[in-house]
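Quick note on numbering: the sequence shown equals residues 3 to 368 in this note's numbering. Structure, as structure tokens:
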Amino acid sequence: MSPILRRLIPAAVLLSLALASCGDSQGTALRTAFLKELAGDIALPAYREFDTRTEALAGALATLDTTPTEATLTEAQSAWRAARAAWLRQESFRIGPAEDQHVSAAVNQVPSTTGIDSLLAGDAPLTEAAVAELGANRKGMLAMEYLLFDAEGGNTAVLSRLTDGNAGTRRRTYLKALGAVMHTSATAVRTAWEPEQDNYVAQLSNAGNDGSTYATQKDAVDTVVNRLIASVETAEMKLSKPLGFDTGGTVRPDQEDARRSDNTLRDLEDMRQSMERVWLGANGDGGLSRVVAHSNKQVDETVRGDLAAVRSALEAIPPPLRTALTGDRESVENARAAFSRLRATLTSEVVANLGVTLKFNDNDGD
């Protein structure tokens, strides 16, 4: 069980988690509409975008491999940021195929920099097939970031390493393979969702009906709500760790995920947007908001307020996060607290309102 959730959930709330979801026909219709919207209007476009962005990233890394210049490096960095944004904007509804195929670990695992350095220093082949077989901590977004960015030395230092004889050639070859592997994974997940292919859209939309992987509509709603809560906790931990909440308050800049690219605040904003899409829907007038407001408008208003508070708190942090941790620690703590309040509302009021069965999973913040 996550330590944060263990501290948060009182016994009385845990006892209430077995409550059955509302049985009225209007509530059922609203949940059906929500699941269809989430599947077809939110998730599917998000997976298509990630596939498109990773294709562009793979192309940019291939160009960087053959022509390592300041311009091609900058293009690769921009493509990396675009692909990362597309990935994190699905954070709060990443269910089904992406998890079944273990794509999350392969895309966003904290990298083993020593493992990457050892690989690059050796002579093992760095083909797409070989890199695909590597452990998750030697591939993915943050492994690419390790090779593409340098917050201190800048692009001059990065380009020097990418053009340093055989060592530079291996770094570029590795980056090219990393891009190709990620695009392959993205395409596999998109294919699993596509209506004309594996059609996971129908699995989620038709929860509770014959042919769906979800035996009941409640199973599907439970999965979505649990994923939403997990994403909020992940965002909170992305601030708690570098703030040193687990180390007596001593700031730990090395615990910031995207510190080399100074992308962490953008990461958190993209994650916030994914939370908002689950709650408010594709056009801001649907989502879980309509389901919850049907029986309790106050709970809906509380979540909306919590989401707005998260947005304001993130906007108040002066970028980049690595300097704000010491230069404006209060703003970072305020953002962490805003995520914490949102999580508390979801795990208590929303869970009770929807009769969700809360599932406790260890969360490493990735």
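We treat Cβ as the ideally placed atom computed from N, Cα and C, and that holds for glycine. The structure presented is a predicted model; accordingly, all values stated were derived computationally and were not measured.
Where does Arg261 sit, in a helix, a strand or coil, going by DSSP? Sequence index remark: in the sequence shown, residue 261 carries index 259 (1-based). In the structure shown, Arg261 sits in coil (DSSP, three-state: anything other than H, G, I, E or B).
What is the residue span of the alpha helix (DSSP H) that Gly167 lies within? By 1-based counting over the sequence shown, the position of residue 167 is 165. If you look at Gly167, you'll find it in the alpha helix (DSSP H) that goes Gly167 to Trp195.
Where does Ser80 fall in DSSP's three states? Position 78 of the sequence shown holds residue 80. If DSSP states are grouped into helix, strand and coil, Ser80 belongs with the helices.
Thinking Leu245 and Val253 are a contact (beta carbons under 8 angstroms), I'd like their distance in whole angstroms, please. In the sequence shown, residue 245 corresponds to position 243, counting from 1. In the sequence shown, residue 253 corresponds to position 251, counting from 1. Contact holds; Cβ gap of about 7 angstroms.
Could you have a look at Tyr49 and say whether DSSP puts it in helix, strand or coil? Taking the first residue of the sequence shown as position 1, residue 49 is located at position 47. DSSP places Tyr49 in helix when its eight states are reduced to three.
Leu164 versus Phe52 - alpha carbon distance: If you number the sequence shown from 1, residue 164 lands on position 162. If you number the sequence shown from 1, residue 52 lands on position 50. Roughly 26 angstroms between the two C-alpha positions.
Selection from Arg262, Glu77 and Val109 that minimises the alpha carbon distance to Leu323: For the purposes of this step, residue 323 is taken as the residue at position 321 of the sequence shown. Nearest of Arg262, Glu77 and Val109 to Leu323, Cα basis: Arg262.
How about Met273 and Leu309: are their beta carbons less than 8 angstroms apart? Counted from its first residue, the sequence shown places residue 273 at position 271. Counted from its first residue, the sequence shown places residue 309 at position 307. Cβ distance not < 8 angstroms, so Met273 and Leu309 don't count as in contact.
Length of the line joining the Cα atoms of Leu121 and Lys141: Translated into the one-based positions of the sequence shown, residue 121 becomes position 119. Translated into the one-based positions of the sequence shown, residue 141 becomes position 139. Between Leu121 and Lys141, the C-alpha separation is close to 11 angstroms.
Leaving out five residues on either side along the sequence, give the residues of the same chain with a beta carbon under 6 angstroms from the beta carbon of Ala169. Mapped onto the sequence shown, residue 169 falls at position 167. Taken in chain order, the list of residues that qualify is empty.
Just how far apart, CA to CA, sit Ala48 and Thr304? On the sequence shown, residue 48 is found 46 positions in, with the first residue counted as 1. On the sequence shown, residue 304 is found 302 positions in, with the first residue counted as 1. Going by the C-alpha atoms only, they are around 27 angstroms apart.
Candidates Gln28, Asn336 and Pro99, of which the one nearest Gln205 by Cα: Counted from its first residue, the sequence shown places residue 205 at position 203. Ranking Gln28, Asn336 and Pro99 by Cα distance to Gln205 puts Pro99 first.
Asn285 - DSSP class collapsed to helix/strand/coil: Taking the first residue of the sequence shown as 1, we reach residue 285 at position 283. Looking at Asn285 - three-state DSSP - the assignment turns out to be coil, as it is neither helix nor strand.
Out of curiosity, what's the CA-to-CA distance linking Ala194 and Leu267? In the sequence shown, counting from the first residue as 1, residue 194 sits at position 192. In the sequence shown, counting from the first residue as 1, residue 267 sits at position 265. If you take the alpha carbons of Ala194 and Leu267, they lie about 31 angstroms apart.
Residue burial classification, Phe362 (beta-carbon count within 10 angstroms, cutoff 16): What you label residue 362 is simply residue 360 of the sequence shown in a count that begins at 1. It counts as exposed.
For the putative contact between Met146 and Trp89, defined by C-beta atoms under 8 angstroms, what is the C-beta separation to the nearest angstrom? If you number the sequence shown from 1, residue 146 lands on position 144. If you number the sequence shown from 1, residue 89 lands on position 87. So it is not a contact: roughly 12 angstroms between Cβ atoms.
Do you know how far the Cα of Val160 is from the Cα of Leu59? As a first step, residue 59 is located in the sequence shown; it is residue number 57 there, counting from the start. As a first step, residue 160 is located in the sequence shown; it is residue number 158 there, counting from the start. Computed Cα separation, rounded: 17 angstroms.
Quick test of the definition: if touching needs 3 or more C-beta pairs under 8 angstroms, does the stretch 206-214 touch the stretch 59-69? no
In three-state terms, what does DSSP make of His296? Numbered from its first residue, the sequence shown carries residue 296 at position 294. Helix, per DSSP.
Cβ atoms of Arg292 and Leu46: under 8 angstroms apart, would you say? For the purposes of this step, residue 46 is taken as the residue at position 44 of the sequence shown. For the purposes of this step, residue 292 is taken as the residue at position 290 of the sequence shown. Not closer than 8 angstroms, so no.
Neighbour-count burial assignment, Asn285, 16 or more Cβ in a 10 Å radius: Here residue 285 corresponds to residue number 283 of the sequence shown, with the count starting at 1. With fewer than 16 Cβ atoms within 10 Å of its Cβ, Asn285 is classed as exposed.
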